[in-house]
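Working notes, structure below.
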Amino acid sequence: MSQVHSRPSSPKPQGILTCEEANLGDGTTPGAIYFVQNDLFALPRSQVLKSGFFREMMESPHLGNSEEGTTAHPIVFDERTGITQSDMKSCCAALDIRAFQATPKFSITEWASAYRLANMWEFEQLRDYILKHLNKSITDPLKRIEIADDLGIDQWIAPALAQLCNREAPLTPAEGVRLGFKRFAEVSRLREHPRQRFQVSEYEKWLNKRAVSNK
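The sequence shown runs contiguously to residue 229 in this note's numbering.
Put into structure tokens, the structure is as follows:
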């Protein structure tokens, strides 16, 4: 197996350990090891215990044993989980950035990957941190709707649809495809007001809730 991943930058972050360090077992920060797509990733147990998902796994006498989470018996996320190496790298790097208060240089795709795992694994503080930066990174309302649908960020959708209602330029056929029929029809309905544009907040109040949810 290849080495445990860390960011290639220097100095090496405290949150990501090498394989040897992860198994020191010094009683302070023993690492938890994860296996994803034929590679190993490690985090100190102090970080892992911030996750509601992993905390239950590590602390419950009914789940696993003392060997679980070591290089010999890593916690495996196979293809059925949908978790990729790219997702893990993004999540580990987000933990690193937050710990070091560094300036994030993530793409939208990287933020989205990190958010997906932070939300799935109940890293509440990390999830909120990622959401704040993801929110700043996306200004296009259509892209916000797509990301919101993908990640389950429901609170983004109505404001983004309201922005499209308020926009001067008409919706294009390609944008209609991206929105889906219900949302496209609802935005078109609210844009039909004869002469004036309203405040975005007004459109948001008038949106049909079923169209917003797209169900």
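For every residue, glycine included, the Cβ atom is placed at its ideal position computed from N, Cα and C.
Values in this document were obtained by computation on a predicted structure and should not be read as measured data.
Check: Using a Cβ-Cβ cut-off of 8 Å (strictly less than) and excluding sequence neighbours within five positions of P88, which residues of its own chain qualify?
Finding: The beta carbon of P88 sits closer than 8 Å to those of I47, Y48, F49 and L54, all from its chain and outside the five residues before and after it, given in chain order.
Next item on the list: Return the CA-CA distance between P58 and L193, expressed in angstroms with no decimal places.
Entry: Cα to Cα, P58 sits roughly 42 Å from L193.
Margin query: Once DSSP output is grouped into helix, strand and coil, what is the label at P58?
Written below: Strand.
Margin query: On a Cα-Cα basis, can you pick out the residue from V201, D168 and I171 that is closest to A183?
Written below: Comparing Cα positions, the closest option is V201.
Notebook entry, point to check: Is the Cβ-Cβ distance between A176 and W170 less than 8 Å?
Noted result: Using a Cβ distance threshold of 8 Å, A176 and W170 do not count as a contacting pair.
Item checked: Through-space distance from I159 to F67, alpha-carbon basis -> Each residue's CA atom was taken as its position, placing F67 and I159 some 28 Å apart.
Checklist line | K103 versus F137: straight-line alpha-carbon distance, rounded | finding: K103 and F137: Cα-Cα distance of roughly 15 Å.
Margin query: For F198, which residues in the same chain have their Cβ closer than 6 Å to its Cβ, ignoring the five residues on either side in sequence?
Written below: If we look at F198 and ignore the five residues flanking it on each side, its Cβ neighbours are G190.
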